[in-house]
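**Student:** Residue numbers (the numbering used here), protein chains in the order written: chain P, 1 to 264; chain X, 265 to 591. Glycine included, each C-beta is placed from N, C-alpha and C at the ideal position. These figures come from a predicted structure and were not determined experimentally. Input: one structure, supplied below.
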Amino acid sequence: MNEHGPRVGFFTDTSVCIGCKACEVACKEWNGVPEDGLDFRATSYDNTGMLGANSWRHVAFVEQARPVPSGDGGGSGVRWLMSSDVCKHCTRAACLDVCPTGALFRSEFGTVVVQADVCNGCGYCVPACPFGVIDQRKDDGRAWKCTFCYDRLGAGLEPACAQACPTDSIQFGPLDELRARAARRVSRLQEQGTAEARLYGHDQGDGVGGAGAFFLLLDDPEVYGLPPDPVVTTRDLAGMWRAAAAAALSLAAGVAAVFAGSRR
Amino acid sequence: MVPDAEVRSYYDQPVLKAPVWRWPIPAYFFAGGLAGASATLALAARVAGNDRLARRALLNSAGAVLVSPVLLVEDLGRPGRFANMLRVLKPTSPMNTGAWLLAAMGPAAVGAAASELTGVARGPGRALECASGALGPLLATYTAVLVSDTAVPAWHEAGRELPFVFASGAAASAGAAAVLLTPGPEAAPARRLALFAALAELAGTRIMERRLGPEAGAPYGGGGRAARLSRWAAALTAGGAALMAAGRRRRTLEVAGAATLLAGAAVERFAVVQAGTESALEPRATVAPQRRRLSGAARPGARGQLGAGAQPGAGAQRGEETRPSPA
């Protein structure tokens with residue numbers, strides 16, 4: 001899609017995530033992201049909660065009670081699902097489409113980045129994102145999200161989160177290579193008996209044209225707080241404008257009609 | 265089909281981010297609608313030879329269009345960068361389109377009103393009046409596209425109905441505002457506009473809320489804030505219209521009715537914006553329709569709409585990969 005080399009991506013293989021949050025810390029350190037509150041949420045070991053203006057990586061912790069096979073016939077146990085979430089850098093990015101200033105742009109690496117010196121804080125990207133990633137920084141007024149470490153990419157480095165990940169759960173590379181690797185990984189997991197392993201965001205035919213950051217999950221996406229079938233809202237923009245044009249014409253016709261017979 | 269009871273989530277947390285827009289945005293939706301429809305009313309009155317009504321409607325339009333940018337700038341995270349809205353021309357962003365629309369509409373309506381008041385440059389003034397009258401209906405309806413062009417179910421799924429709700433609300437506001445400033449028989453067309461548009465607004469809002477269905481339309485049902493605002497809007501609109509109809513020969517009643525009608529149109533915008541916030545914060549509203557789309561089932565209680573079920577083949581194919589698993 002560009003002359004600067006292949007589009008890059010993240011493949012986050014949650015089957016090997018250990019929930020260490022090194023990605024969250026590395027991201028904050030490198031990008032100078034402000035503190036986002038250190039809350040005890042009383043749900044799990046997750047004290048970040050969700051992605052936002054001040055959390056560009058977020059490790060989700062899902063605790064599931066489920067039958068565990070064992071020697072004496074099995075019993076109930078607990079399964080931990082951990083997943084490091086991040087901006088998806090969509091092929092068809094709603095935030096980028098709706099941004100009225102052009103502050104959001106598609107970089108030469110195929111990533112989606114906010115230019116902080118252009119953003120005027122209109123907030124339109126916030127409800128437009130089908131993943132609920134981008135948000136407004138309250139004390140600053142502008143919209144912030146993962147930049148895919150735009151500065152590091154420019155210097156030939158991998159993003160801070162991927163470099164810090166101790167288990168290679170977060171893999172960085174050319175998107176095509178990552179997709180091929182992910183396909184091999186998911187089929188190997190399934191062969192080994194992990195039937196619930198599935199890829200998320202890898203399909204270029206999905207509602208956002210495929211994500212630049214995609215995942216191997218061990219349960220339904222919504223269990224991790226991800227929308228199961230996200231669609232870029234601007235896919236339907238032409239229909240919305242048609243409806244608005246019809247309404248505008250009706251308004252004009254209605255205004256004209258109330259003068260019928262009153263012309264002097 | 266996955267029953268709603270089995271809709272899963274991450275600790276009940278929202279999938280989407282709630283809109284960050286504060287009160288100036290719904291206030292602007294009201295002001296922009298009033299400005300747009302008033303400009304069209306002014307033009308129609310002029311063509312019909314009703315200069316007295318044309319003048320009042322033009323003043324209403326100019327007043328509302330002057331307030332609009334103040335409201336918009338007030339809500340920006342970085343108000344000093346308002347002009348960045350106009351550094352690009354970007355058809356994929358309804359907010360950008362609207363900024364340009366307002367940039368054209370503002371000077372046109374204000375220029376036309378200034379010419380009307382001062383008598384200076386009558387020719388160009390009339391030309392600006394025509395321009396603002398033509399742009400008016402777009403200014404009154406584009407804001408519906410603006411909110412629909414988001415991932416928020418209560419907004420996105422109302423993409424077909426919301427422009428009509430906003431257009432009729434704008435027309436009712438323009439008619440009522442003109443009646444407020446124009447006593448006497450010249451206001452008859454504005455009175456008719458206010459009454460018919462109020463009925464259209466009431467009908468359009470009910471149709472929108474019903475078609476949204478139980479998930480996307482959830483904020484409008486029950487006892488939440490959006491539902492209360494929506495009921496207030498309906499009561500004010502209906503009450504205002506009734507007062508206006510009853511007060512045809514009693515100016516006091518008519519003025520009260522017109523003011524009530526204006527309040528109804530304004531509250532309706534606040535209801536729509538509040539519904540968006542509540543809808544975004546409800547994970548089921550986001551997940552359940554998407555999950556059904558993947559399993560190829562039809563939506564219960566609502567018809568497939570702009571955003572839903574456009575690619576059943578692709579959906580079914582993807583559904584195989586992400587088949588719900590019992591947990």
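Taking C-beta pairs closer than 7 Å, name the residues in chain P that Q538 (chain X) reaches, listed in chain order.
**Tutor:** To locate residue 538 (chain X), count along the second sequence from 1; it is residue 274. The contacting residues do not exist; Q538 (chain X) stays about 13 Å from chain P at best.
**Student:** Is it buried or exposed, K88 (chain P), if we count other Cβ atoms within 10 angstroms and call 16 or more buried?
**Tutor:** Position 88 of the first sequence, counted from the first residue, corresponds to residue 88 (chain P). Flag for K88 (chain P) reads buried.
**Student:** According to DSSP, simplified to helix, strand and coil, what is T541 (chain X)?
**Tutor:** As a first step, residue 541 (chain X) is located in the second sequence; it is residue number 277 there, counting from the start. The three-state secondary structure of T541 (chain X), taken from DSSP, is helix.
**Student:** Counting contacts by CB-CB distance shorter than 8 Å, is E191 (chain P) in contact with chain X?
**Tutor:** One-based indexing of the first sequence puts residue 191 (chain P) at position 191. No, its Cβ sits nowhere closer than 8 Å to a Cβ of chain X.
**Student:** Grouping DSSP H, G and I as helix and E and B as strand, with all else coil, what is G207 (chain P)?
**Tutor:** Your numbering for residue 207 (chain P) matches position 207 in the first sequence. Correct three-state label for G207 (chain P): strand.
**Student:** Going by DSSP, which residues form a beta bridge with Y200 (chain P)?
**Tutor:** If you number the first sequence from 1, residue 200 (chain P) lands on position 200. Answer by DSSP bridge pairing, in chain order: P:F215.
**Student:** What residue range does the alpha helix (DSSP H) around D339 (chain X) cover?
**Tutor:** For the purposes of this step, residue 339 (chain X) is taken as residue 75 along the second sequence, with counting starting at 1. Counting along the chain, the alpha helix (DSSP H) containing D339 (chain X) begins and ends at D315 to D339.
**Student:** Quick one: what's got a C-beta closer than 6 Å to R310 (chain X)'s C-beta in the same chain, skipping five residues either side?
**Tutor:** In the second sequence, the residue the question calls residue 310 (chain X) occupies position 46. Same-chain partners within the cutoff: A318.
**Student:** Looking only at DSSP bridge pairs, what is L104 (chain P) linked to?
**Tutor:** As a position in the first sequence, residue 104 (chain P) is number 104, starting the count at 1. Per DSSP, P:V114.
**Student:** Which word fits K138 (chain P), buried or exposed, when buried means at least 16 other C-beta atoms lie within 10 angstroms of its C-beta?
**Tutor:** Here residue 138 (chain P) is taken as the residue at index 138 of the first sequence, counted from 1. It counts as exposed.
**Student:** What does the alpha-carbon distance come out to for the pair R567 (chain X) and A65 (chain P)?
**Tutor:** One-based indexing of the second sequence puts residue 567 (chain X) at position 303. One-based indexing of the first sequence puts residue 65 (chain P) at position 65. For R567 (chain X), the predicted model reports a pLDDT of 42, less than 50, meaning its position is unreliable; a value from the coordinates is still stated below. Using only the alpha carbons, I get a separation of about 37 Å.
**Student:** Using a Cβ-Cβ cut-off of less than 7 Å, give me the residues of the stretch 329-356 of chain X that come near chain P, in sequence order.
**Tutor:** When CB distances to chain P are screened at a threshold of 7 Å, the residues of the stretch 329-356 of chain X falling below it are L340, G341, R342, R345, F346, N348, M349, R351, V352, K354 and T356, in chain order.
**Student:** To which residues does DSSP link V8 (chain P) through a beta bridge?
**Tutor:** For the purposes of this step, residue 8 (chain P) is identified with residue 8 of the first sequence, where counting begins at 1. According to DSSP, which records beta bridges pairwise, V8 (chain P) is partnered with P:P174.
**Student:** Against chain P, does R567 (chain X) count as a neighbour if the rule is that its beta carbon must be under 8 Å from one of theirs?
**Tutor:** Here residue 567 (chain X) corresponds to residue number 303 of the second sequence, with the count starting at 1. Note on R567 (chain X): pLDDT 42, under 50, position unreliable in the model; the coordinate value appears next. Chain P contact via Cβ: absent.
**Student:** Grab me the residues of V98 (chain P)'s own chain with a C-beta within less than 8 Å of its C-beta, minus the 5 sequence neighbours each way, in chain order.
**Tutor:** For the purposes of this step, residue 98 (chain P) is taken as residue 98 along the first sequence, with counting starting at 1. Y124, C125, A128, T233 and T234, listed in sequence order.
**Student:** Under 7 Å Cβ-Cβ, which residues of chain P neighbour N360 (chain X)?
**Tutor:** Residue numbering aside, residue 360 (chain X) sits at position 96 when the second sequence is read from its first letter. Ordered by position in chain P, the residues that pass the 7 Å Cβ test against N360 (chain X) are P100.
**Student:** With 8 Å set as the bound, which would you pick, yes or no: does the beta-carbon of L570 (chain X) sit closer than that to a beta-carbon of chain P?
**Tutor:** Here residue 570 (chain X) corresponds to residue number 306 of the second sequence, with the count starting at 1. Since pLDDT at L570 (chain X) reaches only 46, below the 50 mark, its modelled position is unreliable, and no value is offered.
**Student:** Of all the options X:V443, X:V279, X:R272 and X:S273, which has the alpha carbon lying nearest to the alpha carbon of E542 (chain X)?
**Tutor:** Along the second sequence, one-based indexing puts residue 542 (chain X) at 278. With distances taken between Cα atoms, E542 (chain X) lies closest to X:V279.
**Student:** Please confirm if S107 (chain P) has its CB atom under 8 Å from at least one CB of chain X.
**Tutor:** What you label residue 107 (chain P) is simply residue 107 of the first sequence in a count that begins at 1. By this cut-off, S107 (chain P) is not an interface position.
**Student:** On the three-state DSSP scale, how would you describe Q163 (chain P)?
**Tutor:** To locate residue 163 (chain P), count along the first sequence from 1; it is residue 163. Helix, per DSSP.
**Student:** Give the straight-line distance between the Cα atoms of R114 (chain P) and G341 (chain X), rounded to the nearest whole angstrom.
**Tutor:** The residue you call residue 114 (chain P) lines up with position 114 of the first sequence. The residue you call residue 341 (chain X) lines up with position 77 of the second sequence. Checking the displayed sequence, the identity of residue 114 (chain P) turns out to be Val instead of Arg. Approximately 14 Å between the Cα atoms of the pair.
**Student:** Our contact map puts S83 (chain P) next to L217 (chain P) with C-beta atoms below 8 Å; I'd like the distance itself, whole angstroms only.
**Tutor:** For this step, residue 83 (chain P) is matched to residue 83 along the first sequence. For this step, residue 217 (chain P) is matched to residue 217 along the first sequence. Sure, about 7 Å apart at Cβ, within 8 Å.
**Student:** For R286 (chain X), tell me which candidate among X:P333, X:D339 and X:R272 has the shortest Cα-Cα distance.
**Tutor:** As a first step, residue 286 (chain X) is located in the second sequence; it is residue number 22 there, counting from the start. Ranking X:P333, X:D339 and X:R272 by Cα distance to R286 (chain X) puts X:D339 first.
**Student:** Could you give the DSSP three-state label for G52 (chain P): helix, strand or coil?
**Tutor:** Here the question's residue 52 (chain P) lines up with position 52 in the first sequence. Reduced to three states, the DSSP call for G52 (chain P) is strand.
**Student:** Measure how close the beta-carbons of C161 (chain P) and C27 (chain P) come, nearest whole angstrom, since I'm counting them as under 8 Å.
**Tutor:** What you label residue 161 (chain P) is simply residue 161 of the first sequence in a count that begins at 1. What you label residue 27 (chain P) is simply residue 27 of the first sequence in a count that begins at 1. Sure, about 5 Å apart at Cβ, within 8 Å.
**Student:** A248 (chain P): buried (16+ other C-beta within 10 angstroms of its C-beta) or exposed?
**Tutor:** Taking the first sequence and counting its residues from 1, one reaches residue 248 (chain P) at position 248. Buried, by the Cβ-count rule.
**Student:** Where does the unbroken alpha helix (DSSP H) through W30 (chain P) begin, and where does it stop?
**Tutor:** As a working mapping, residue 30 (chain P) is identified with position 30 in the first sequence. Start and end: A22 to N31.
**Student:** Does S437 (chain X) come within less than 8 Å of chain P when only Cβ atoms are used?
**Tutor:** As a working mapping, residue 437 (chain X) is identified with position 173 in the second sequence. Closer than 8 Å: no.
**Student:** T43 (chain P) touches chain X at which residues, Cβ-Cβ below 8 Å?
**Tutor:** The residue labelled residue 43 (chain P) in the question sits at position 43 within the first sequence. The contacting residues are Y275.
**Student:** Counting contacts by CB-CB distance shorter than 8 Å, is R272 (chain X) in contact with chain P?
**Tutor:** As a working mapping, residue 272 (chain X) is identified with position 8 in the second sequence. Chain P, which has a Cβ nearer than 8 Å to the Cβ of R272 (chain X), makes this yes.
**Student:** Please report the Cβ distance between R455 (chain X) and G439 (chain X), rounded to the nearest whole angstrom; I am assuming they are in contact, meaning their Cβ atoms lie under 8 Å.
**Tutor:** Residue mapping note: residue 455 (chain X) aligns to position 191 of the second sequence, counting from 1. Residue mapping note: residue 439 (chain X) aligns to position 175 of the second sequence, counting from 1. Indeed they touch by this definition, with Cβ atoms about 7 Å apart.
**Student:** Determine, for G423 (chain X), whether the minimum Cβ-Cβ distance to residues of chain P falls below 8 Å.
**Tutor:** Residue mapping note: residue 423 (chain X) aligns to position 159 of the second sequence, counting from 1. Chain P, which has a Cβ nearer than 8 Å to the Cβ of G423 (chain X), makes this yes.
**Student:** Which residues, taken in chain order from the stretch 546-557 of chain X, show a beta carbon closer than 8 Å to some beta carbon of chain P?
**Tutor:** Only P547, T550, V551, Q554, R555 and R557 from the stretch 546-557 of chain X bring a Cβ to less than 8 Å from some Cβ of chain P.
**Student:** Using a threshold of 8 Å, state whether the C-beta atoms of L189 (chain P) and V133 (chain P) are closer than that.
**Tutor:** Counting from 1 along the first sequence, the entry for residue 189 (chain P) is found at position 189. Counting from 1 along the first sequence, the entry for residue 133 (chain P) is found at position 133. Not in contact: L189 (chain P) and V133 (chain P) (Cβ atoms no closer than 8 Å).
**Student:** For a contact defined as C-beta to C-beta under 8 Å, what are the partners of R456 (chain X) on chain P?
**Tutor:** Residue mapping note: residue 456 (chain X) aligns to position 192 of the second sequence, counting from 1. The CB of R456 (chain X) comes closer than 8 Å to the CB of V258 in chain P, given here in chain order.
**Student:** Assign F215 (chain P) to one of two classes, buried (16 or more other C-beta atoms within 10 Å of its C-beta) or exposed (fewer than that).
**Tutor:** Taking the first sequence and counting its residues from 1, the one referred to as residue 215 (chain P) is at position 215. Answer is buried; the Cβ neighbour count reaches 16.
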